[in-house]
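Single-structure report; data block below.
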Amino acid sequence: MTPSSPKLLRRSALALGCASLVVMAGSLAPALASDTHRTVPAKPAGQPPVVAGARYLALGDSVPFGYRESNSIPRPNYAHQKSFVGFPEDIASSLGLKVANAACPGETTSSFINVKAQSNGCENNFVFGAKNNPSHTAGKDYRADAPLHVKYASKSESQLTYAEDYLKKWPNTRLVTLMIGANDGFLCQTEHPKDMCAGEIAALQKKLAKNVGRILKGLRNKAHYSGQIVLVPYYSFDYTNVLLTVEVQDVNSALLKGAKPYHVAIAPSFKLLEKASAGARGNTCAAGLLTNLTTKPASCGVHPSVAGSALLAEAVEKVIKK
Numbered sequence: 290m291t292p293s294s295p296k297l298l299r300r301s302a303l304a305l306g307c308a309s310l311v312v313m314a315g316s317l318a319p320a321l322a323s324d325t326h327r328t329v330p331a332k333p334a335g336q337p338p339v340v341a342g343a344r345y346l347a348l349g350d351s352v353p354f355g356y357r358e359s360n361s362i363p364r365p366n367y368a369h370q371k372s373f374v375g376f377p378e379d380i381a382s383s384l385g386l387k388v389a390n391a392a393c394p395g396e397t398t399s400s401f402i403n404v405k406a407q408s409n410g411c412e413n414n415f416v417f418g419a420k421n422n423p424s425h426t427a428g429k430d431y432r433a434d435a436p437l438h439v440k441y442a443s444k445s446e447s448q449l450t451y452a453e454d455y456l457k458k459w460p461n462t463r464l465v466t467l468m469i470g471a472n473d474g475f476l477c478q479t480e481h482p483k484d485m486c487a488g489e490i491a492a493l494q495k496k497l498a499k500n501v502g503r504i505l506k507g508l509r510n511k512a513h514y515s516g517q518i519v520l521v522p523y524y525s526f527d528y529t530n531v532l533l534t535v536e537v538q539d540v541n542s543a544l545l546k547g548a549k550p551y552h553v554a555i556a557p558s559f560k561l562l563e564k565a566s567a568g569a570r571g572n573t574c575a576a577g578l579l580t581n582l583t584t585k586p587a588s589c590g591v592h593p594s595v596a597g598s599a600l601l602a603e604a605v606e607k608v609i610k611k
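Residue numbers (the numbering used here): 290 to 611.
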């Protein structure tokens, strides 16, 4: 199987859920990219272990949701959320956990915090060319059109508020995972098509770090959650493409920077999928780790396949205390 073109991959990714970022590389990458490979100890002293029967809260975008492109094989059924299985369900099955998967396809770090902020298809869609129009967030959204894995209290409840309320209700939750940020990059590309976000990369990284810090601060300080949190970085869908891979590291590095003060473990997801792609010369698609699309010639989407999701679950399990 050969990988699809970068343009096709970007179009697939923009269809409600994004798993990887294609933005121009930024000047901060060399200083921060090495953090992508680092496995951080899972806990400060005293965090309880993850045990069978414990509660697990999964947060983020289309990847933890288990989203598949509309032209993927098998064809997805958006009316039945249980047909979407992401790495949180793999973790829950493996460890015997009670998972609440609050992830939403197309969620950005901003819309995660405030539903009125710009998302990439979760709460609203970006209308190309309407950057300065107050109604540029108009459009259909996943939360209105299809069920999520969990039920939010209202249309105005953000994923952050849901998470804070969940952790207050279930203070003995043993694990929280967070995978968010790629959609911010896709929106940056859409808003700045001439340079594909090249001139805005530093501002994008700053926003990602700030918003992830705000999200984790809410979980730690407002919800008073002191248990294990694992941040799941993004993978490259072609590790042989140096520019693309560094671009993904740009995003991951910003996420790690924002998470640093909050005693968060970092799953080695980027490195684990890179290793698994080695037999296919670094091509994540050819390695069978991405969704198969019904295109001719055959190609892949940007979301993880069953095998890809299993590796993301393995990456999380490597850094949690059991």
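Cβ atoms here follow ideal geometry from the backbone N, Cα and C, with glycine treated the same way.
Quick caveat: nothing in here was measured; it's all calculated off a predicted structure.
- In chain order, L346 and A389 place their CB closer than 7 Å to the CB of Y455, counting only its own chain and leaving out the 5 sequence neighbours on each side.
- In its chain, beyond the 5 residues on either side, A341 and G342 have a beta carbon closer than 7 Å to the beta carbon of G385.
- Here S598 carries a helix assignment [DSSP, helix/strand/coil].
- Residues K387, W459 and T462 of the same chain have their beta carbon placed closer than 6 Å to that of R344, with the five preceding and five following residues left out of the count.
- The C-beta separation of G597 from L562 comes to about 7 Å, placing the pair in contact by the 8 Å criterion.
- If you ignore the 5 residues before and after A512, its C-beta comes within less than 6 Å of the C-beta of E453, L456 and K457, all in its own chain and listed in chain order.
- By alpha-carbon distance to V374, the top candidate from D473, T398 and S594 is S594.
- With 16 or more other CB atoms across the displayed protein chains lying within 10 angstroms of its CB, S525 is buried.
- Boundaries of the beta strand (DSSP E) harbouring G349: R344 to G349, taken from the DSSP string.
- Within the segment 437–506, complete beta strand (DSSP E) segments of at least 3 residues are found at 464–468, given in chain order.
- Inside the segment 504–581, DSSP marks whole alpha helix (DSSP H) runs of 4 or more residues at positions 531–548 and 558–565, from first to last along the chain.
- Below 8 Å, enough C-beta pairs join the segment 351–364 and the segment 586–593 to call them touching: three or more.
- The alpha-carbon of T466 is positioned some 33 Å away from that of A587.
- Judged by DSSP secondary structure, P377 falls within the alpha helix (DSSP H) whose first and last residues are F376 to L384.
- CA-CA distance, C589 to L582, rounds to 5 Å.
- It is roughly 11 Å from the alpha-carbon of A554 to the alpha-carbon of E606.
- V388 has Y345 as its beta-bridge partners, per DSSP.
- In this model, S408 and C574 are separated by some 27 Å (Cα to Cα).
- Distance from A381 to V439 at the Cβ level is roughly 13 Å; contact not present, criterion being Cβ atoms closer than 8 Å.
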